[in-house]
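So the structure is just underneath, and the comments pick up after that.
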Amino acid sequence: MLIKRLSGSSRGSRGRGAPVVATQASAVLDRRSFLARSGLAAGGLAGLSALGFTSMRKAQAAAGFDAKAPVKLVKNICTHCSVGCTVTAEVQNGVWVGQEPAWDSPINRGTHCAKGAAIREIVHGDRRLKYPLKLVNGEYQRISWEQALSEISAKMMEIRAKSGPESVWWLGSAKFSNEGAYLFRKMGAFWGTNSVDHQARICHSTTVAGVANTWGYGAQTNSYNDIRNAKTAIIMGGNPAEAHPVSLQHVLTGKELNRANLIVIDPRLTRTAAHATEYVRIRSGTDIPVIYGMLWHIFENGWEDKKFIEQRVYAMDDVRAEVKKWDPKTVEDVTGVPGEQLKRVAELFAKERPSTLIWCMGATQHTVGTANVRAYCILLLATGNVGAPGTGANIFRGHTNVQGATDLGVDVVTLPLYYGLDDNAWKHWARVWDVDFNWLDSRFDKKPGPNNTTINFRTVPGIPSTRWFDAVSLPKDQVDQNDNLKAAIVFGHGGNTVPRIPEMTKGLAALDLLVVADPHPTNFVSLGGRKNGTYLLPISTQLECSGSRTASNRSIQWGEKIVEPIFESANDYWVIYKLAEKLGFADKMFKNIKMVKGKFGDEPEAESILREINRGGWSTGYCGQSPERIKAHMANQGKFDVRTLRSPSDGSEISGDYYGLPWPCWGTPEMKHPGTPILYNTNLHVKDGGGAFRARFGVERVVKVKVQENGAEVEKERKDNLLAEGSYSLGSDLKDGYPEFTLAVLQKLGWDSELTAEERAIIEKSGPSWSTDLSGGIQRVAIAHGCVPFGNAKARANAWNLPDPVPVHREPIYTPRVDLVAKYPTRPDFKSFRVPNIGFSVQKAAVDKGIAKEFPMILSSGRLVEYEGGGEETRSNKWLAELQQDMFVEINPRDAAERGIAEGQFVWVYGPESSSKIRVKALVTERVGKGVAWMPFHFGGWYQGADQRGNYPKGTDPIVLGESVNTVTTYGFDPVTAMHEGKVTLCQIKAA
């Protein structure tokens, strides 16, 4: 336990997290003994303590249970983090009776973390929502699915008629399968809004933006398994020992077998840092100075990969100019990292290769999150550490399918698979969906724009999860749409995962309609003081549903339904279908999706949904992974190599495939592309998973430069080449850079004759580009010549379309170093995602008011191994709830002594906005430095010292409640993605 127990004592009232299991005073159940006995039910333990542990009685099966019935083994995927561990369930008489981690899985290889080991309880959990509920005058009433969906749809149509479709906000989930995520985004499109978002906004939206704007795609370049090949690994802003425990096995295997350097850069000495060969403590929010401090040494000593930069990188000289400002003395002043230590780290990363850089939310949740990610990518480019085994950006995603849900478009800036929101994107998906483009267009609000233009909200990014409550509460004229948000439809997303919870509660209270569709009630239910207009819909877990999910490494895995959904819960597919039916467009939305018999009647078939994704997923290579191919991988997991993830070329149905067919998996399923385990790898033929940097930014850039002519300064245009020079993938017929493939490019090369007549006919109807050609012919021909369909370009060190084309350091909104704000201010105020972003004004006010003196401690947050996400699901699991019963704050011993705070006592943590405060326990530890505090973000159910347990429907409250750290986190948003500044703010701590 992180908080020590008092031997034999009660832990106080249940509202403060009393022990789940009754124990005798002489045998206190600590973490170790609990795990040893974890096969016993809580009630069983209480009964055994009365009988005495030596008493035995014969086990008796429930009535109707056939003990001799065969046991069926069913594979599914753990629903917690995105490592993608396979769970093997033992099912007898339709009951899930046991589980094992899949020994054949190349990802988890017979292991689980605490959450995975306890996952069966999620399905058997008695704290699940059991049937639809409606809030009436502050009391929840049981209603039927028919009544719930009829009333919800009627209210939505009422709001649509009065305020327009943009006034209904859709919050989806990384808990969706790929198929569920796709349907949810499709639902938003058919309803008429792009305000469809999910957890990626608050974990890796800045990663997607930063990585995609550097080399083409916004995803992990390599895999967990490939980290075994690294000689040097930096983990920056991540704690996989707790957040992604199984992934750490691959990291530590590489450390052991390769004698690899493992460097952890973090403000906190985490459990991951305990395994490091070098730990670097930094001030939170100074990632860019740290990276530039490394690059200063790399450029100064000539350790950069000059050939790689020359052939495959654009504008590295622009970065050199910025790096010159960050000499060791300046870096140490801003970050706290000694120059000699950073030089040592830089030399290891640049010289003891291959090297990989791993990051998570410690890097992304900042107002400079996108710039942080860009700086990481630039470090990889400067050292040539991308596009080969053991290298790359290994970005550990949080939730089970946060990668897949992002890929499938549950994102306010794009349609499925990163097509964007322009007319070409909508016309592509209209063809895939077989609906009239003009009908889709008619579903969206229009509004007069400047200079006699019309704003069509079909092409406008929606409202993100970090700003939704502002769009409810701000004056109408400050929200750039026809009316404020009036309704929120929430599928599988916690309410305690975004900052400024005091402001969120105001938004919750003001909604006309709130729908929470989830296996468990969330903080959306416990907060806001709502009395009416709330509906709770019991959704099944993904363990009670078939479908695919995409792990961080882009591998797609198929999960078979283990058991039928319990109680009256229903899967996402059926609920979305029935809601679409009530809203009047199910006939269009599901016209090409097969219906099968389900629990409550006809429901969409998961395999059929995936086939529709395949028909449209050309841009990202979600086109080659048919249900049959993915299922074959699950059935033959043991044949894949644990280091390369490749199966033997033995002529079998999985011959030569990479596990999970990681995207891009080009062409039609019949083309049998093996998937791409390492992005941008020129050492392999494209047909074997090779690639190059994506040519998504054109073939050249026109730059205006000033030159001297005849003694005078004049402005001229310079044309910079954006295509690779002398670099190409193995076996390519084109021995240099080349643009994206279109029919015109094929014609110019004389390769168009290789298209079949059928492919030509489809191209004429669907579009002449590699990403819109529904036949797959353009991709097939390009790959036959060893070329990547998306072209062969240089990665960009200068991303000229971003607010800071070359990353620059900007102090956090709430910084303890007010002396640095004038030199490194945040960006000026502007409008972003339909609402004002006033970060500059907030930062200025904080400096003017002396906030740093009143709130002198830096506050950050992160994960625990026992819990996941918002925590309602895992805190409702009796086995996990026992392991960590109290919300706490880590505080350095010197800070604790100055405040008279003792280990384990309650303290108040105060935030600098909205008079916010939370009551938590103190964990006095050297893990955090002086002046730094840290809290986990999985807790909810308490609000500013008050127990909210009574706000949950009876019997659905989580076992463990606690304050949410986001009650005291503060304003601040990344200008590119609206990512919140969750990893650095200020606070004050006082004894309670």
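For the sequence shown, position 556 matches number 589 in the numbering used here, and the numbering has no gaps at all.
Just so it is clear, CB atoms sit at the ideal spot from N, CA and C, and this is done for glycine as well.
8 Å Cβ cutoff, residue i in contact with chain D
i: TRP975; result: Absent from the structure is chain D; it holds one protein chain and no more.
Buried versus exposed call for residue i [16 or more other C-beta atoms within 10 Å across all chains shown]
i: ASP350; result: exposed
i: ARG292; result: exposed
i: GLY423; result: buried
i: ALA383; result: buried
i: TRP136; result: exposed
i: GLU343; result: exposed
i: VAL284; result: buried
i: ALA309; result: buried
i: ALA102; result: exposed
i: GLN174; result: exposed
i: THR789; result: exposed
i: LEU776; result: buried
CB contact flag (residue i, residue j, <8 Å)
i: LYS1016; j: GLY395; result: yes
i: SER183; j: LYS519; result: no
i: GLN575; j: THR112; result: yes
i: PHE921; j: ALA885; result: no
i: ARG345; j: SER765; result: no
i: ASN141; j: ARG676; result: no
i: LEU168; j: GLY561; result: no
i: SER581; j: LYS539; result: no
i: GLU923; j: ARG960; result: yes
i: PRO361; j: LEU381; result: no
Straight-line Cα distance separating residue j from residue i
i: THR1003; j: GLN658; result: 42 Å
i: ARG843; j: GLY453; result: 29 Å
i: GLN125; j: SER802; result: 51 Å
i: LEU204; j: SER588; result: 25 Å
i: GLY528; j: ARG160; result: 18 Å
i: MET622; j: TYR610; result: 9 Å
i: LEU35; j: GLU899; result: For LEU35, the predicted structure reports a pLDDT of 30, less than 50, and the residue's modelled location is therefore unreliable. A value from the coordinates is still provided. The alpha-carbon atoms of LEU35 and GLU899 are separated by roughly 11 Å.
i: ILE428; j: VAL244; result: 10 Å
i: GLU733; j: ASN294; result: 39 Å
i: ALA1011; j: THR499; result: 7 Å
i: VAL104; j: GLU123; result: 6 Å
i: ASP852; j: LYS882; result: 14 Å
i: ARG218; j: ILE522; result: 12 Å
i: SER88; j: PRO497; result: The predicted model places SER88 with a pLDDT of 34, which falls under 50 and marks its position as unreliable; any figure quoted below should be read in that light. SER88 and PRO497: Cα-Cα distance of roughly 58 Å.
i: TRP392; j: GLY649; result: 31 Å
i: TYR215; j: ILE646; result: 8 Å
i: TYR312; j: ILE298; result: 6 Å
i: GLY903; j: GLN180; result: 29 Å
i: ILE816; j: SER808; result: 14 Å
For residue i, three-class secondary structure by DSSP
i: LEU570; result: strand
i: VAL922; result: strand
i: LYS358; result: coil
i: GLY149; result: helix
i: HIS277; result: coil
i: SER641; result: helix
i: ILE267; result: strand
i: TRP803; result: coil
i: CYS820; result: coil
i: MET890; result: strand
i: HIS432; result: strand
i: PHE524; result: strand
i: ASN141; result: coil
i: MET968; result: strand
i: THR1000; result: helix
Nearest-angstrom beta carbon gap, residue j and residue i [assumed within contact, 8 Å]
i: GLU593; j: VAL940; result: GLU593 to VAL940, Cβ: 47 Å. No contact.
i: PHE490; j: GLU199; result: 6 Å
i: ARG386; j: LYS264; result: 6 Å
i: SER909; j: HIS432; result: The Cβ separation is near 17 Å, so there is no contact.
i: THR653; j: ASP440; result: 6 Å
i: LEU694; j: ARG662; result: 6 Å
i: ASN714; j: ALA421; result: 6 Å
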